[in-house]
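So the structure is just underneath, and the comments pick up after that.
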Amino acid sequence: MESLRKSLQAVAVLGAGAGLGVFLFVLVTPGEQRTRDLLKEKNPQHLDEATKSKILWMDTLREAAETQENVAWRKDWNRQAGGRAA
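So the sequence shown is numbered by this note's numbering: it starts at 4 and just counts up by one.
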């Protein structure tokens with residue numbers, strides 16, 4: 004009977020901790036509209052930099068898909084296959 008009581012207490016404590024964790028997670032995460040506002044680029048310079056960065060990523064992914072070489076093992080993985088620097 005004592006072991007049943009201790010196990011129920013352990014389950015209650017763990018459940019309370021999990022409930023508190025979920026509550027705090029819901030409390031601190033922004034809502035959907037706030038997330039959309041945070042993700043929007045306001046500054047045109049930042050928007051240009053983000054666009055250039057996305058273009059570099061897409062070029063790298065396209066090259067990796069077209070070749071058998073593992074581009075992740077390159078020292079300068081932004082370099083193009085022709086030897087040019089990005």
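All C-beta atoms, glycine included, are put in the ideal place defined by N, C-alpha and C.
The Cβ atoms of P33 and L41 sit closer than 8 Å to each other.
Under the three-state reduction of DSSP output, Q12 falls in the helix class. Where D40 is concerned, the enclosing alpha helix (DSSP H) starts and stops at E35 to L42. Counting along the chain, the unbroken alpha helix (DSSP H) around T54 starts and ends at P47 to E69. Residue state for E5 is assigned as helix, using DSSP reduced to three classes.
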